[in-house]
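**Q** The opening position of the sequence shown corresponds to residue 301 in our numbering, with each subsequent residue numbered one higher.
Quick reminder that beta carbons are idealized off the backbone N, C-alpha and C, glycines included.
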Amino acid sequence: MRPFVSSPLSRRQWLKSSGVVAGGALAAQSLAPAVLPALEAPNGAPAVVNGQTTLEGFLALEREIEAMRRAEGPLRLASNENPYGMAPSARQAIMDMWKEHAWYNAAAVPTLRSVYAKHVGVPEDHVLVTAGSGDVLSIVALAYAMHGGEVLTPWPTYEGLPRYAESMGATVHKVPLNGDLAHDLAAMDRRHVNSVDLVFVCNPNNPTGTLTDGAKLRDFVTTASKKSVVLVDEAYHDFVTAPEYTSMIDLVTKGENVIISRTASKIHGLAGLRTGFAIARPDIIARLQPCVTSFPGVFGARAAVASIQDTAYQTMCRDRNAEGRAIMAEAIKKMGRRMTTSHTNFVFFDTGMPVEQVQAAMKTKGFLIGRAFPPYTTWARISIGTPDEMRRVAAALPEIVRA
Ligand SMILES: Cc1ncc(COP(=O)(O)O)c(C=O)c1O
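(1) Under the three-state reduction of DSSP, which class applies to M639: helix, strand or coil?
(2) Please identify the residue among F500, H492, T593, M548 whose C-alpha is closest to the C-alpha of R518.
(3) For A345 and A360, I'd like the C-alpha separation in whole angstroms.
(4) Looking at A406: is its Cβ nearer than 8 Å to the Cβ of V598?
(5) Inspect the CB distances between the stretch 579 to 597 and the stretch 357 to 372 and report whether three or more fall short of 8 Å.
(6) Is Y676 near ligand 1, with its Cβ less than 7 Å from a heavy atom?
(7) Assign E366 to one of three DSSP states: helix, strand, or coil.
(8) Classify Q261: buried if its beta carbon has 16 or more other beta carbons within 10 angstroms, exposed otherwise.
(9) Quick one: what does DSSP say D513 is sitting in, helix, strand or coil?
(10) Can you give me the Cβ contacts of A390 inside the same chain, cut-off strictly under 6 Å, excluding the 5 residues immediately before and after it?
(11) If we call anything under 8 Å between Cβ atoms a contact, is D497 one with S525?
(12) Under a three-way DSSP split, which group does V701 fall into?
(13) Determine, using beta carbons only, whether T678 and P698 come nearer to each other than 8 Å.
(14) What distance in whole Å lies between the Cβ atoms of T541 and G514, which are believed to be in contact at a cut-off of 8 Å?
(15) In the DSSP output, what is K418 paired with across the bridge?
(16) Less than 8 Å between the CB atoms is what I'm expecting for I682 and L377, so what's the real figure, rounded?
(17) Work out the CA separation of M368 and F358 for me, nearest whole Å.
(18) According to DSSP, Y536 sits in a beta bridge with which residue or residues?
(19) Quick one: Cα of T430 to Cα of A408, how far?
(20) Which of helix, strand or coil does DSSP assign to I669?
(21) Name, in chain order, the residues that DSSP records as bridge partners for P454.
(22) Would you check if the stretch 612 to 624 and the stretch 383 to 398 touch, i.e. whether three or more CB-CB distances between them fall below 8 Å?
(23) For the stretch 463 to 473 against the stretch 421 to 429, are there 3 or more C-beta pairs whose distance is under 8 Å?
(24) Does DSSP put W398 in a helix, in a strand, or in coil?
(25) Helix, strand or coil: which one does DSSP assign to A487?
(26) Can you tell me which of N506, P410, D435, H401 puts its alpha carbon nearest to the alpha carbon of T453?
(27) Should the stretch 439 to 449 be called in touch with the stretch 577 to 591, which here means at least 3 C-beta pairs below 8 Å?
(28) Determine the direct distance from the alpha carbon of F500 to that of V475, and round the result to whole angstroms.
(29) Can you tell me whether DSSP reads R562 as helix, strand or coil?
(30) With DSSP as the reference, label F648 as helix, strand or coil.
(31) Run the proximity test for G385: is its beta-carbon closer than 7 Å to any non-hydrogen atom belonging to ligand 1?
(32) Does any heavy atom of ligand 2 sit closer than 7 Å to the C-beta of N503?
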């Protein structure tokens, strides 16, 4: 493989002249050429055909990432990342366009906006591309709830918006989840007083993985959006296969006071490349725009353009995720522990002991799992890795969590 900079110095000479060798092997290792290798499937089979990841390509990726993740140390199962990372098609797109990294005004972001708008079936002026969907949550809090605004949210849920709004001086009304650990829409409706500026819902919900029925959520959001703007966080949209699920994007196209947030971090495996989306009426996008403080990098945008069109990769990730989740569900059932029905890339279950203890014990066995989410302090959230990884987790858990 060719290094980025062709130099008359050998790598060893350069390391020596720059003093890196004196720093020891670790420092030298971290300066390995930063070139992303193309993915090669065995027997020369192409990893990507017409923008779609092939099965051979996916299997080659699986082997590559499993080895890489094992070598990294404790297995990352705490942040709901896609273990497979970016699609081979996305990797190819970055390599093809690598020179763009030097430009502020690369075409990557407008192209992504256009591709994403088409993908979700809205006009381009209904989409704002952001540096991750966490950014959408902050931008919406800034635009609607700063300086004494009021926010209504289920609790526990993804904390990005409520925390940010609180730090900006907003009052956050937290409505406990129902007995199934899903949104209690009736209770939220009762708490939705006229002074509320912004309503947040997350479907499926993080950290519980639970789904709110599409028809019921649509009724709630339609009514709530007559009084306040409603933000529906659909970060896990691409993992859901349940027939009762529907996105709320159609409420945006109907002209309701609704914002949808989506991300390239989950099924597209681009968490580190910070790419997210707000979908809303153009006048709402115009209100959000001045609150934007950063924009996505070109690599994230290029990778997302390729990944969104690579439906084969999304299907393979979704299927593998379902396989890993089923392994976990069976193991948790065998232990006789209560769990939620998850529609995401993580499971949530009651360990019967403080989750910090489970976390520490799992770490000694080589697994990093999620933190406590009060008031569910005995419940553990474990992200789904590859099926093989989940078999290892399923074998380790009963040694820690008592039946
Ligand atoms: C429900 C939900 N929303 C938003 C985010 C933020 O994701 P990102 O900023 O990577 O798009 C996450 C991350 O885990 C999440 O779980």
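**A** Taking the coordinates as given:
(1) The residue labelled residue 639 in the question sits at position 339 within the sequence shown. DSSP places M639 in strand when its eight states are reduced to three.
(2) By 1-based counting over the sequence shown, the position of residue 518 is 218. When only C-alpha atoms are compared, the closest one is M548.
(3) Counting from 1 along the sequence shown, the entry for residue 345 is found at position 45. Counting from 1 along the sequence shown, the entry for residue 360 is found at position 60. Each residue's alpha carbon lies about 10 Å from the other.
(4) In the sequence shown, the residue the question calls residue 406 occupies position 106. In the sequence shown, the residue the question calls residue 598 occupies position 298. Yes.
(5) no
(6) Along the sequence shown, read from residue 1 onward, the residue named residue 676 stands at position 376. Incorrect: Y676 has no Cβ contact closer than 7 Å to ligand 1.
(7) Residue 366 sits at position 66 when you count from the first residue of the sequence shown. Correct three-state label for E366: helix.
(8) Given a span of 301 to 703 for the chain in the structure shown, any question on residue 261 remains unanswerable.
(9) By one-based count along the sequence shown, residue 513 stands at place 213. Here D513 sits in coil by DSSP.
(10) Counting from one through the sequence shown, the residue named residue 390 turns up at place 90. Excluding positions up to five away in sequence, the list reads A603, A606, S607.
(11) Within the sequence shown, residue 497 is the residue found at index 197, counting from 1. Within the sequence shown, residue 525 is the residue found at index 225, counting from 1. For D497 and S525, no; Cβs fall outside 8 Å.
(12) Sequence index remark: in the sequence shown, residue 701 carries index 401 (1-based). Reduced to three states, the DSSP call for V701 is coil.
(13) What you label residue 678 is simply residue 378 of the sequence shown in a count that begins at 1. What you label residue 698 is simply residue 398 of the sequence shown in a count that begins at 1. No, the pair does not count as a contact, with Cβ atoms beyond the cut-off.
(14) Position 214 of the sequence shown, counted from the start, is the residue given in the question as residue 514. Position 241 of the sequence shown, counted from the start, is the residue given in the question as residue 541. Not quite, the Cβ-Cβ distance comes to about 13 Å (not below 8 Å), so this is no contact.
(15) Within the sequence shown, numbered from 1, the residue matching residue 418 stands at position 118. Note: K418 sits in no beta bridge, so no partner.
(16) Within the sequence shown, residue 682 is the residue found at index 382, counting from 1. Within the sequence shown, residue 377 is the residue found at index 77, counting from 1. Confirmed, about 5 Å.
(17) Residue numbering aside, residue 358 sits at position 58 when the sequence shown is read from its first letter. Residue numbering aside, residue 368 sits at position 68 when the sequence shown is read from its first letter. Looking at the two C-alpha atoms, the distance is approximately 15 Å.
(18) Sequence index remark: in the sequence shown, residue 536 carries index 236 (1-based). Beta-bridge pairing links Y536 to no other residue.
(19) Within the sequence shown, numbered from 1, the residue matching residue 430 stands at position 130. Within the sequence shown, numbered from 1, the residue matching residue 408 stands at position 108. Rounded to whole angstroms, T430 to A408 spans 13 Å at the Cα level.
(20) Counting from one through the sequence shown, the residue named residue 669 turns up at place 369. Residue state, collapsed to three classes: strand.
(21) Mapped onto the sequence shown, residue 454 falls at position 154. V475.
(22) yes
(23) no
(24) In the sequence shown, residue 398 corresponds to position 98, counting from 1. Three-state result, W398: helix.
(25) Locating residue 487 in the sequence shown gives position 187, counting from the first residue. The answer is helix: DSSP assigns A487 an H, G or I state.
(26) In the sequence shown, counting from the first residue as 1, residue 453 sits at position 153. Checking every option, the nearest Cα to that of T453 belongs to N506.
(27) yes
(28) Reading the sequence shown from its first residue, position 175 is the one you call residue 475. Reading the sequence shown from its first residue, position 200 is the one you call residue 500. C-alpha separation (whole angstroms): 11 Å.
(29) Taking the sequence shown and counting its residues from 1, one reaches residue 562 at position 262. Looking at R562 - three-state DSSP - the assignment turns out to be strand.
(30) Taking the sequence shown and counting its residues from 1, the one referred to as residue 648 is at position 348. Strand.
(31) By 1-based counting over the sequence shown, the position of residue 385 is 85. Not so, every heavy atom of ligand 1 lies at least 7 Å from the Cβ.
(32) In the structure shown, ligand 2 is absent; the only ligands present are ligand 1.
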